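What follows is a short report on a single structure.
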Amino acid sequence: MKVEARIFELCTVFFFIAAIGYGIWAKEPVGIVGLTLTGGLTLIIGTYFRFVARRIEERPEDNTEAEVSDGAGELGFFSPGSYWPVGLAASAALCGVALAFWQVWLIIIAVGLILLAIGGLVFEYHTGPAHD
(Lines of atoms letter the chains of each structure in order from A and count residues from 1; the text may use other names and numbers.)
(Lines give C-alpha, C1' and ligand atoms only; values in the text may rest on other atoms or scores of the structure.)
Protein backbone atom coordinates (compact mmCIF):
# COMPACT_ATOMS: atom_id res chain seq x y z
CA MET A 1 0.00 0.00 0.00
CA LYS A 2 3.03 2.27 0.22
CA VAL A 3 3.09 2.67 -3.56
CA GLU A 4 -0.55 3.73 -3.68
CA ALA A 5 -0.06 6.11 -0.74
CA ARG A 6 2.91 7.71 -2.49
CA ILE A 7 0.92 8.20 -5.71
CA PHE A 8 -1.91 9.96 -3.87
CA GLU A 9 0.53 12.05 -1.83
CA LEU A 10 2.16 13.24 -5.06
CA CYS A 11 -1.27 14.04 -6.48
CA THR A 12 -2.05 16.02 -3.31
CA VAL A 13 1.07 18.13 -3.70
CA PHE A 14 0.31 18.68 -7.40
CA PHE A 15 -3.28 19.81 -6.79
CA PHE A 16 -2.34 22.20 -3.98
CA ILE A 17 0.45 23.74 -6.06
CA ALA A 18 -1.92 23.93 -9.05
CA ALA A 19 -4.53 25.66 -6.84
CA ILE A 20 -1.98 28.25 -5.75
CA GLY A 21 -0.80 28.79 -9.32
CA TYR A 22 -4.37 28.98 -10.60
CA GLY A 23 -5.25 31.48 -7.89
CA ILE A 24 -2.35 33.73 -8.87
CA TRP A 25 -2.92 33.37 -12.60
CA ALA A 26 -6.71 33.25 -13.03
CA LYS A 27 -8.11 34.71 -9.79
CA GLU A 28 -11.30 32.74 -10.39
CA PRO A 29 -12.76 31.37 -7.15
CA VAL A 30 -14.54 28.27 -8.46
CA GLY A 31 -11.41 26.76 -9.97
CA ILE A 32 -9.39 27.51 -6.83
CA VAL A 33 -12.01 25.82 -4.66
CA GLY A 34 -12.23 22.84 -7.02
CA LEU A 35 -8.47 22.29 -7.08
CA THR A 36 -8.18 22.75 -3.32
CA LEU A 37 -11.00 20.27 -2.62
CA THR A 38 -9.45 17.79 -5.06
CA GLY A 39 -6.17 18.12 -3.21
CA GLY A 40 -7.99 17.55 0.08
CA LEU A 41 -9.68 14.41 -1.24
CA THR A 42 -6.40 12.96 -2.49
CA LEU A 43 -4.87 13.81 0.90
CA ILE A 44 -7.61 11.80 2.65
CA ILE A 45 -7.08 8.79 0.39
CA GLY A 46 -3.29 8.97 0.63
CA THR A 47 -3.46 9.20 4.42
CA TYR A 48 -5.77 6.18 4.55
CA PHE A 49 -3.41 4.14 2.38
CA ARG A 50 -0.46 5.20 4.56
CA PHE A 51 -2.25 4.01 7.73
CA VAL A 52 -3.25 0.72 6.09
CA ALA A 53 0.34 0.18 4.89
CA ARG A 54 1.52 0.29 8.50
CA ARG A 55 -0.92 -2.42 9.58
CA ILE A 56 -0.40 -5.01 6.86
CA GLU A 57 2.64 -7.01 5.96
CA GLU A 58 4.81 -5.82 3.10
CA ARG A 59 3.53 -6.73 -0.34
CA PRO A 60 5.73 -7.51 -3.35
CA GLU A 61 4.69 -4.17 -4.85
CA ASP A 62 6.25 -2.36 -1.90
CA ASN A 63 9.56 -4.24 -2.02
CA THR A 64 12.14 -2.86 -4.44
CA GLU A 65 13.99 -6.22 -4.43
CA ALA A 66 10.88 -8.30 -5.23
CA GLU A 67 10.62 -10.68 -8.17
CA VAL A 68 7.54 -11.37 -10.30
CA SER A 69 7.18 -14.81 -8.69
CA ASP A 70 6.77 -13.19 -5.26
CA GLY A 71 3.33 -11.98 -6.29
CA ALA A 72 2.11 -15.42 -7.39
CA GLY A 73 -0.73 -17.16 -5.60
CA GLU A 74 -4.22 -16.43 -4.46
CA LEU A 75 -5.11 -12.74 -4.50
CA GLY A 76 -8.39 -12.87 -2.61
CA PHE A 77 -12.07 -13.62 -3.06
CA PHE A 78 -13.92 -12.13 -5.98
CA SER A 79 -17.65 -12.54 -6.35
CA PRO A 80 -18.57 -14.79 -9.30
CA GLY A 81 -21.73 -12.80 -9.90
CA SER A 82 -24.14 -10.61 -8.02
CA TYR A 83 -27.41 -8.90 -8.80
CA TRP A 84 -27.11 -6.36 -6.00
CA PRO A 85 -25.18 -3.79 -8.11
CA VAL A 86 -28.03 -3.84 -10.64
CA GLY A 87 -30.55 -3.20 -7.87
CA LEU A 88 -28.36 -0.44 -6.46
CA ALA A 89 -28.07 1.23 -9.86
CA ALA A 90 -31.83 1.00 -10.42
CA SER A 91 -32.52 2.44 -6.98
CA ALA A 92 -30.07 5.30 -7.60
CA ALA A 93 -31.73 6.01 -10.95
CA LEU A 94 -35.14 6.03 -9.29
CA CYS A 95 -33.81 8.45 -6.67
CA GLY A 96 -32.42 10.67 -9.43
CA VAL A 97 -35.78 10.79 -11.20
CA ALA A 98 -37.54 11.47 -7.89
CA LEU A 99 -35.15 14.33 -7.15
CA ALA A 100 -35.55 15.75 -10.68
CA PHE A 101 -39.33 15.92 -10.29
CA TRP A 102 -39.13 16.60 -6.54
CA GLN A 103 -41.48 13.83 -5.53
CA VAL A 104 -40.73 13.54 -1.81
CA TRP A 105 -42.69 10.32 -1.34
CA LEU A 106 -40.70 8.70 -4.17
CA ILE A 107 -37.41 10.04 -2.75
CA ILE A 108 -38.17 8.31 0.56
CA ILE A 109 -38.95 5.02 -1.19
CA ALA A 110 -35.84 5.30 -3.39
CA VAL A 111 -33.55 6.02 -0.42
CA GLY A 112 -35.03 3.01 1.37
CA LEU A 113 -34.34 0.85 -1.69
CA ILE A 114 -30.79 2.22 -1.92
CA LEU A 115 -30.15 1.33 1.73
CA LEU A 116 -31.62 -2.14 1.17
CA ALA A 117 -29.41 -2.70 -1.88
CA ILE A 118 -26.30 -1.47 -0.04
CA GLY A 119 -27.07 -3.80 2.85
CA GLY A 120 -27.56 -6.70 0.45
CA LEU A 121 -24.30 -5.96 -1.32
CA VAL A 122 -22.31 -5.64 1.89
CA PHE A 123 -23.75 -8.74 3.58
CA GLU A 124 -24.10 -10.94 0.49
CA TYR A 125 -21.49 -13.45 1.65
CA HIS A 126 -21.88 -12.94 5.41
CA THR A 127 -22.55 -16.33 7.00
CA GLY A 128 -22.64 -15.26 10.64
CA PRO A 129 -20.39 -16.23 13.51
CA ALA A 130 -18.75 -19.64 13.43
CA HIS A 131 -20.20 -22.15 15.88
CA ASP A 132 -17.95 -24.81 17.36
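Every position in the sequence shown, counted from 1, becomes a number in this note's numbering once 358 is added.
For each residue, glycine too, the CB sits at the ideal point set by N, CA and C.
Keep in mind that this is a model prediction, so the values were computed, not measured.
*Take the Cβ of F459 as the centre, count every other Cβ of all protein chains shown within 10 Å, and call the residue buried at 16 or more, exposed below.*
exposed
*Measure the Cβ-Cβ separation of A363 and R408 and say whether it is below 8 Å.*
yes
*Taking just the CA atoms, how far does Y483 sit from L464?*
30 Å
*asked:* Comparing C-alpha positions only, which one of I382, E425, L471 and G398 sits nearest to G445?
replied: L471
*DSSP on I390, reduced to helix/strand/coil?*
helix
*Determine the direct distance from the alpha carbon of G392 to that of Y380, and round the result to whole angstroms.*
11 Å
*asked:* Between the alpha carbons of A448 and V455, how many angstroms are there, rounded?
replied: 11 Å
*So the alpha helix (DSSP H) V371 belongs to, where does it begin and stop?*
K360 to W383
*W460 by DSSP, collapsed to three states: which one?*
coil
_So, for F366: in the same chain, excluding its five sequence neighbours on each side, which residues have a beta-carbon less than 7 Å away from its beta-carbon?_
T400, I403, G404 and F407
*8 Å Cβ shell around L457 - same chain, five flanking residues per side excluded*: I465
_Given this structure, state the Cα-to-Cα distance separating A377 from I390, to the nearest angstrom._
5 Å
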